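Remarks on the structure that follows.
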Amino acid sequence: MHGRTSPLFIGRKRELDFLGEAWGEARRRDARIVGVRGAPGIGKTELVERFLRTVPGVRTIRAFGDEDALAHPWGVLEQIAEQLPTPALARTLEGQAEAAFIGQALAAEFAAADALIVVVDDAHCGDRQSMAALRLAARRLRNAQVMLLVVHQAPGYATGAVPDAPRLELHEGWARIFDSAQGRLLQVEGLPTDDLMRLAVATGHDGLTPSGARRLHEHTDGNALHSILLLDQVEMHSINFGNGPLPAPRGMTQAVVARLASCDRRTREVVGAAAVLGRRFGLADLRALSGVADATTPLTEAVGAGLVKEIPGTAGQEFAFTTLLVWDRIYYDSSVERRRALHRSAALLGGPGALWHGIAASGGGTDGELAALAQEEARSLLSRGRLPLAAVYARHAAELTPPGPDRVARLLTAVETLLVSGDATVARRYESEILAAPRGPWRDYVAGYQALISGRVAEAKLLLVQALGAAGRGRAESSHAPTDLRARVAAQLAIIGVVEISYPEMVEYGTAAVAAGSHEPWVRAFAWFAQSLGWTLAGRAEEALASLADADLPGSVAGLDGLVARGMIRLWTDDLEGASADLRDSVARATRGEALRVGQALGFLGEVEFRRGRLDDAVRFTRLAVGDAEENERVWDYALLHSLACFPRAARGEWDRAREHARQAAEWAPIVESRVSLAYAAGARAAIAQAQGDVQRLLSAAEAIELHYDSLEPGTHLFGPIGADALSQLGRIEEAEASLGLFSDRAASSGRRSTLMSIARVRGQIAAARGDHAGAVRECEEALALAREVGLPIEAGRIDLVMTRSQHARGRHAEAERLLRRALVAFNRTGAAAFAALALKTAGELRLSVDGPNAAFGSLTGAEREVVAMVGEGMTTRQIAQKRSVAISTVETQLNRIYAKLNVTNRIELRAVLADPDE
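To convert a position in the sequence shown, counted from 1, into the numbering used here, add 280.
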């Protein structure tokens, strides 16, 4: 288990709410007995521990059942007695009293306590006497602030490793208690696929893809411990792209091995043959494969051992292994030779699994007929969007084909399918054979596609341009070549136009890809992705969004790639809610089996959450994106994804990790040699400089960004007029104004609110540098309104810091302090520790207080505080005078003194001070 004893806690909001609600009822003196039930390793203990952290200060008693101490009477209650305030129960246990008396005494002890939670973990392993007494006590608990948590394994799981040992299950009386008015039963199920992705990141396995998470879930049913063990022990590539059962993890199969070993030899052989047929198998097929005419007797023994189960409603003709863990372990318990022989026999039985059995039996040889069948299956899977499985069959088709033209054609199909499914690692193994193949449009297209994914953009462009020209002249080197080759080639050329920031090419080729058409949904979808991104970067975002209006609907021609594109475009056009919804939906659909071809989806989802100030999510998604790209050797994504991963790390002040991401981006960008990669690498440096307040380094990064990136869509990043930003902070006012003018002429017409926000903030910085602090505040207030409108909390805090200095320079110290406090609250709420440190540095430089009550409020008299409170309630001057039984003129005089002390000029500004979350 690599040193781990329990899974990390992930998700479980529903379960925590369930326990919280039960505890709320118990706090109202309505005792609750809650069963927490689930499979071993599912995370029951971690769930209870996390719940207990949500009720600090509540007295808790913990006890544990022990399979090795079942024969020790009162073992569980002895643990409880040691934690009770009085020794009465301990003395009673020493006297070997009956369970009925112990239960009554226990109920009295519990009821006497104020707000008590009692946890009995592994209750199915509790000794008989203790559990009987606890049942009796539970029935007697009524008007008490007590919650009893009975944590236990579900029936059918709690079988010890010793085959003949009795089943370890709770007494049936507990089920009646859980079903009573005071009882509750919480069934803890496995984690959903998105939580498995979070679990992978939390345990250092960043390369898990959405489709890999789906496969992991299929094999573990979301069991956290089982999943961690597989992630630790199985190569990530096998999880993401493999087919068939995953090997059962070491450390969780002793009971399966023991139960299998306890069975008769013939039963073991029959069950081994069943494992080759699959998790579910028919009795007739099993008889034929195993050669055992009467398989009923062995199956009966296997059912009794908890290895297989009968499928209801099949009249005893269909069976299945009880869990994938059992199936995996039994499948791999047989030797490779025996499995291959069984697969060979199973292939002769025919049926839908015959092809896979034939492939599994081939043993690495060639078989033209089998290769043709595998190729046909790959095409069928591709048309249905099942890209990873299609890649498996396409690769087998190529491997099964002897040298010659057919192998070349099948190899081209296999490599393209591998690349489309994201498996560049395996595709690279065939690169030399692809390059050695006869030249032609299909070969050049696949070789160009492979070069692009490997980061060799110039080579890729040359090959793809040649392929498009030859395809346009009707040349094809094989009858197997796809009829929609023009659409495939044009889409890749459009993407090259995007990464090179070549507006004519991204628009021309993207439009051509869609116009060329294709009968393959995945080809059409990527064509739409390429076209919409090209249009957007060329300044036609609204047109692109209109073309993707139905991207989220079933059957959309744009497919899942189109939905990813819409999410990216919504990010760049300041629709952060829509962007998050689209990209999260894309990932969710990928975990349900749809092919997520665009590997950057997770990275851009991370940027969405970064802009929204949700830095934990931003780190998680960008880690998954980088891990996926590195695991599958998609070199051309490295610089971009490492840069996106740097942003939240820099904001959180995690300098070592932020710098490592920036270093990786800087290292890979010149290798790829695309303008986008170079600009994003500079963006990583800018993010660190910005978060550290290092203006000179910010200027250096700005020069690189402006050199490499001139997108007509300014919303693609939040840096805005970064050159003018740095120059204004350095006091180089004329240069800053000139730089800002150039940027505004190009970008302001887009109307992007985030861009207008950045422009207004920099105008404010320039005004402050000129000494026009009133003008600086006006500009920053405009910027702040835009930041709030878009939903950019960290940017809003940064704007408040600019205003803080200008208000302080104007002598309005109370307002400056209010703004500084508000900025600090925003940074602390989002976890932007680096910017919080900058806020504290500003406080020290300006000698402003950010601890305790606002200093200006401390100068108010008691009467003035009363008036302030009434203004906050919305009362008029007349209403305040009537309420306080004074003249209106008195209230007006008090208000003027308040305005002077708080550095405000009217009621609106006073209410703004009162609305500060720190006040």
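Glycine included, each C-beta is placed from N, C-alpha and C at the ideal position. Keep in mind that this is a model prediction, so the values were computed, not measured.
Check: Go through its chain and collect everything with a Cβ distance to Pro443's Cβ below 8 Å, but skip five positions before and after it.; Outcome: Only weak support is given to the placement of Pro443: the predicted model assigns it a pLDDT of 40, under 50, and the question is left unresolved by the model.
Check: How about the region 456-475 and the region 841-855: do they share at least three Cβ pairs that are nearer than 8 Å?; Outcome: no
Check: Can you find the residues in the same chain that come closer than 6 Å, C-beta to C-beta, to Arg294, ignoring five residues on each side of it along the sequence?; Outcome: none
Check: Got a sec? Which residues, its chain only, sit under 7 Å from Ala395 by beta carbon, not counting five neighbours each side?; Outcome: Arg307, Val338, Arg339 and Gln425
Check: Let me know the secondary structure DSSP gives Glu934 once reduced to three states.; Outcome: coil
Check: Give me the DSSP bridge partner(s) of Glu598.; Outcome: Gly562
Check: Mind reading off the beta-carbon distance from Ala931 to Ala868? Whole number of angstroms is fine, and I expect it under 8 Å.; Outcome: Not really, about 26 Å apart at Cβ, beyond 8 Å.
Check: For His451, does the three-state DSSP call read helix, strand or coil?; Outcome: coil
Check: Are three or more beta carbon pairs between the region 864-881 and the region 699-716 nearer than 8 Å?; Outcome: yes
Check: Would you decide whether Ser1029 is buried or exposed? Buried here means 16 or more other CB atoms lie within 10 Å of its CB.; Outcome: exposed
Check: Would a C-beta distance cut-off of 8 Å place Ala413 and Leu357 closer than the cut-off?; Outcome: yes
Check: Looking at the unbroken alpha helix (DSSP H) that takes in Gln513, where does it start and where does it end?; Outcome: Ala504 to Gln513
Check: So for Gln462, helix, strand or coil by DSSP?; Outcome: coil
Check: With distances taken Cα to Cα, identify the nearest neighbour of Ser782 among Met1150, His988, Glu649 and Val915.; Outcome: His988
Check: Around the C-beta of Thr1156, are 16 or more other C-beta atoms found within 10 angstroms, so that it is buried, or is it exposed?; Outcome: exposed
Check: Whose C-beta lies closer than 8 Å to the C-beta of Leu813 among residues of the same chain, with five residues either side of it excluded?; Outcome: Ala774, Ile775, Val778, Met786, Gly790, Ala824, Ala845, Met848 and Ile849
Check: CA-CA distance, Glu590 and Thr576?; Outcome: 11 Å
Check: Assess contact between the region 714-729 and the region 898-917, defined as three or more Cβ pairs (one per stretch) separated by less than 8 Å. Is contact present?; Outcome: no
Check: Can you give the beta carbon distance from Ala1076 to Ala1106, rounded, assuming they're within the 8 Å contact cut?; Outcome: 6 Å
Check: Relative to the alpha-carbon of Pro527, which residue among Asp544, Arg546, Leu1020 and His506 has its alpha-carbon at the smallest distance?; Outcome: His506
Check: Does the beta-carbon distance from Ala745 to Glu953 come in below 8 Å?; Outcome: As written in the sequence, residue 745 is Val, which differs from the Ala given in the question. Not in contact: Val745 and Glu953 (Cβ atoms no closer than 8 Å).
Check: Starting from Ile226, follow the beta strand (DSSP E) in both directions and report where the run begins and ends.; Outcome: Residue 226 is absent from the structure shown; the chain starts at 281 and stops at 1199.
Check: The alpha helix (DSSP H) that contains Gln730, what's its start and end?; Outcome: Pro721 to Ile733
Check: Considering only DSSP beta bridges, list what Arg339 is partnered with.; Outcome: Leu396
Check: So the beta strand (DSSP E) Glu1228 belongs to, where does it begin and stop?; Outcome: In this structure the chain extends from 281 to 1199, so residue 1228 is not present and cannot be described.
Check: Mapping DSSP to helix, strand and coil, what is His432?; Outcome: strand
Check: Is the region 623-642 touching the region 664-671, taking contact as three or more C-beta pairs under 8 Å?; Outcome: no
Check: Assign Ser491 to buried or exposed, taking buried as 16 or more other Cβ atoms, counted over all protein chains shown, within 10 Å of its Cβ.; Outcome: buried
Check: Thinking C-alpha only, which one of Ala747, Arg659, Leu851 and Trp636 is nearest Ala771?; Outcome: Ala747
Check: Name the DSSP beta bridge partners of Phe344, please?; Outcome: Asp401
Check: Measure the C-alpha to C-alpha separation of Ala767 and Leu1036 and round it to an integer number of angstroms.; Outcome: 38 Å
Check: Tell me which residues share the same chain as His352 and place their Cβ nearer than 7 Å to its Cβ, disregarding the 5 neighbours each side in the sequence.; Outcome: Asp407
Check: For the beta strand (DSSP E) containing Arg317, name the first residue and the last one.; Outcome: Arg312 to Gly318
Check: Looking at Ala658 and Leu635, is the spacing between their C-beta atoms short of 8 Å?; Outcome: no
Check: Can you tell me whether Asp544 is buried or exposed, with buried defined as 16 or more other CB within 10 angstroms of its CB?; Outcome: exposed
Check: Suppose you measure from the CA of Ala838 to the CA of Leu566; what does that come to, to the nearest Å?; Outcome: 44 Å
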